[in-house]
Structure formats: structure tokens, C-alpha cells
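Working notes, beginning with the structure itself.
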Amino acid sequence: MDLGGLDGMSGGELLDHVDALARQQRQTEVAILRAARQHAIINDEHSIPGWQLRAPGGQRPRRFGGVGTPLVAEFSPAALGGRLGISTHAARELMADALDIAHRLPRLQARVEALQVKVSYARYIARRTRNLTREQADYVDERTVESADGRIPWTRFETLVEAAVKASDPAAAAEHERVEAKRQFAQATSSTEDGMRGFYVRANLGVIAKLDAAVAYFATALAHLGDARSEDDRRVTAVLVLANPVHALDLLQRYQQWLADQQPPASKPAVDLADLMPAVVLYVHTYAGADTTDIGRVEDHGPVTETWIREHLGPCARFTVQPVLDIEGQAPVDGYEIPDRHREAVHLMGPADTFPHSPNISRAQQIDHTIAYRKGKAAKGAGQSRIGNYAKMTVLHHRIKTFAGWQVKQPFPGIEVWQDPFGALYLVDHTGTRRLGRHRDDGEAA
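Residue numbering for the sequence shown follows the UniProt record's numbering, beginning at 1 and increasing consecutively.
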């Protein structure tokens, strides 16, 4: 099979070739964006013949982008779409994004032209800011331009942009949340396939968190009582149990007895049924002081206004206010086990998996010792378990670090430098991932 010369490349040469292809792809995407903008300029409102403006059904000038962008002849996207092999609607969106980037997002425009920001990232910001004023769009531009270069994965980038959009106009964001809060329902889906059907619940995150916790709890109870099926199967059965209070009470009582049987005969405590149900903990981050933007963040959910927190979480939750943790003041320990206070500090320093370009921000990750923990006499008084020698990782990335030839150093707490098996270097910190070139034989970065 002819692979265009690829079959003669070594592993490192192939990856260098991929680097070059990625740059060519970015250059092409920028060139297409420029062409789309120029197509809009050529086909402005003055390009429409006067007779079309007067004819019923004739072409009219339209504003494709946001406030401050020029009017464009509405039929012009058709020809552009034909050349690009995309629909007229998709071509219109491309032209709108190009105009918004050029006229409303100057910082992004500069980084796109410098090939520092992918067109897809800039276009996403253009779409999310289209209905904002020019001042609000400028606010979002300023607060997202640094991270738009791909240093954070797409899902985290979406959350960043959403927070910036909300912060640009908190009052409008709160109003949107109030409107959306009325659109809650719980109903069966209309489609049935092979005898299967879905049930969709739309409610605020507090309701969903409690429902998810209850389903997980009953699924665990079923497992302890002998149900050997998969977790998904047990979760479906848990929903069925919750649908019948009599069945739910019966399962709770049987689980209560099972828990009591696990205790030594002399120390069996009385277990209240109410205590068996799971507690739900939501981590809500807010910012105090004069510079607050009235936007908070709920872990595993995303940004919300403080109005939403007061109106929706306030009536049904108890809040425990925790001050900002003194991360640098965490005393090291000599044991391999990592104290809870250290785990919390590591999470607050950077909630994401520290492997390059990882999107995972869950608390349920492994904490790895950057410098491998040494046992025995070497561990005495060394303070190996400390801030500055920890890194969050998923199981897969922990295994890759251990077995796949990747190396990592943490020169400062929360800042890691990774090297892949072929010498490529990546800097990972709280802002995301950046490429540093490659490792040279003299130890410097090229």
C-alpha cells in the first residue's frame, strides 16, 4: 500500500510530519476565513442592483454578524457555499463569524492571524457573542483570548466562554436563567426502538443531583443484596424501585438489615431509615470583594449567576462557607497516603487532569507523586507527600506516565513540564496546555 512516503518514516519523523500538517491546516482555515470576510465585503449592501431592491422577492441587505458589522447581500453566501462544498446556511454562518471576529473581537482576530488561535475556537466565541453589544463582546474577547489558543480542551473552553458571556451582562444572564427555570418537565420520549424507550427529566441541577444520588444509592444497595448484574442494569432497576414507594421502603429495610448484619454482634447500632438515604454535596465557588462579577461556578455543572444560587439552591440547601485554602501553607507529610487537606489543595490549584490537553475536571481522579514515592529509610523526614509533588490524573493517564515512556517534572507547585517519548515538550498549568517545542540533546528546549 502506497502511503505517500509515510511508510518510510520513523515514529518521530511521522509525528514531526503531523506537526507540519497541523500548521498547514491552520493556515488553510485562516485563509478561508479571510476569503469569507472578503466575500462579504465585495458583496456589501451597495452591490445589490437597484431593481432587485424594488422587486418582490428580490435580494435585500442583511446583517449577518452582530451589532457593528456591515450589511451584506443576502444571496451572496450561495456562491461561497458552492465553492466550499457546504450549504448556503453554513456559508452565511462562516461569513457572519468572519465579520464578527474582524469587527467585534480584535484580540482574537490578531491571534488568529498569527496562527496562535484555531479558527474553530474564534468562531465559537463569535457565535456566542453575536447577540451582545459591542462593549459586551469586547469584554468576552478580553477574558477568553488567552485561553483560546487550545491550551484547554474544548469542553473546558466552552465553560470558560459561557462564564465570560454571563459575566458580560449578569442581569441578562439572570433573566435567561429565570426563563429557563420555567422549562422543566419529566416525560417519556416519543420514540421507541426495539422495545426500548427513554425518560427525560429537565430540572435544576439540585434536583438532578439528588435524583442521581438516589439512583446510585439504590443501585449499590441492590449489589450488596446480591444483584450481580451490571451497574447500568441495577440503576434502571433502582429507577423502577423509586417509582413505587412501597418497593423503595422494602428495599431500604432489607438494606438496613444487611448493614446491621455486617456489624459485630456487640456493637450493632440502631440505623434510622432516614439516615440511609444519601447526602448530596455540591461544590459552589463564588468570589467576594469589589471585583465580583456576580457569577459563581458549580462543580460538574458550570457557571451560574449568584441570583440563581440564592433562588434555586438557597431554599433547599444548607451552605458551609469555606475561606480560600492556604495552599502554600500545607505542611508536607512522610507517609504515602495523601491527607484530605492536600487533596483539596491540589484540586483548588488546578481542577483538571494534569496530562497535556486533558478535559477531565472531576474530583474522582488519582493523585500521583510527580517524583515517585520512596519507601523505607529513604522516606524518613523527606516530606515526599507535599504540595509541589502531587498531580491529578485519570487512571489511563497515570498508566501512560508509568509505562509509556512519558516523563514529567514539576518545577513549581501546579506547573508541570511533560515530555513525550519522542522529545516533544508540553507545559501544563492552571491555564491549560502549551507546546514548548522539543527536547534537545543538550537538555534545552528547541
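Quick reminder that beta carbons are idealized off the backbone N, C-alpha and C, glycines included.
For residue i, which beta-bridge partners are listed by DSSP?
i           : result
residue 500 : In this structure the chain extends from 1 to 446, so residue 500 is not present and cannot be described.
Met393      : Gln366
His247      : None; His247 has no bridge partner.
Val298      : Val284 and Gly302
Asp233      : In DSSP, Asp233 forms no bridge with anything.
Met196      : Glu193
Val72       : Asp44 and Arg62
Thr433      : Val428
Gln24       : DSSP, once it has assigned bridges, lists no residue as partnering Gln24.
Phe185      : Arg202
His398      : DSSP output for His398 lists no bridge partner at all.
Arg438      : Ala424
Considering only the beta carbon of each residue, do residue i and residue j sit closer than 8 Å?
i      : j      : result
Ala20  : Arg156 : no
Leu108 : Ala122 : yes
Thr88  : Ala102 : no
His301 : Gly350 : no
His398 : Pro153 : no
Ala98  : Ala40  : yes
Val67  : Ile125 : no
Thr69  : Asp44  : no
Thr394 : Gln419 : no
Val201 : Ala186 : yes
Would you call residue i buried or exposed, if buried means 16 or more other Cβ atoms sit within 10 Å of its Cβ?
i      : result
Ser10  : exposed
Tyr283 : exposed
Phe218 : buried
Glu74  : buried
Trp258 : exposed
Arg54  : exposed
Ile42  : exposed
Asp261 : exposed
Met196 : exposed
Gly198 : exposed
Lys166 : buried
Gln263 : exposed
Ser191 : exposed
Gln253 : exposed
Ala228 : exposed
Gln384 : buried
Asn360 : buried
Val18  : exposed
Phe355 : buried
Gly432 : buried
Gln410 : buried
Gly4   : exposed
Ala221 : buried
Ser76  : buried
His342 : buried
Val241 : buried
Rounded to the nearest angstrom, what separates residue i and residue j at their Cα positions?
i      : j      : result
Leu6   : Arg297 : 47 Å
Arg434 : Thr159 : 19 Å
Val140 : Arg104 : 10 Å
Val346 : Ile309 : 25 Å
Ala22  : Arg183 : 43 Å
Thr305 : Val236 : 34 Å
Arg92  : Phe64  : 7 Å
Glu13  : Gln24  : 17 Å
Thr402 : Leu348 : 25 Å
Arg130 : Ala173 : 15 Å
Val239 : Pro303 : 29 Å
Ala188 : Glu180 : 20 Å
Leu94  : Arg37  : 8 Å
Leu425 : Pro413 : 18 Å
Asp233 : Ile208 : 19 Å
Asp169 : Ala223 : 48 Å
Ile295 : Gly8   : 54 Å
Gly206 : Ala163 : 19 Å
Gly437 : Leu15  : 13 Å
Val112 : Val30  : 7 Å
Glu311 : Leu211 : 20 Å
Gln256 : Ala216 : 16 Å
Gly81  : Arg34  : 15 Å
Leu84  : Pro61  : 23 Å
Does residue i come within less than 8 Å of chain C when only Cβ atoms are used?
i      : result
Lys166 : Of the chains in the structure shown, none is chain C; there is only one protein chain.
Any 3 or more C-beta pairs closer than 8 Å across the segment 49-59 and the segment 105-120
no
Using 8 Å as the Cβ pair cut-off and three pairs as the minimum, do the segment 357-376 and the segment 388-404 touch?
yes
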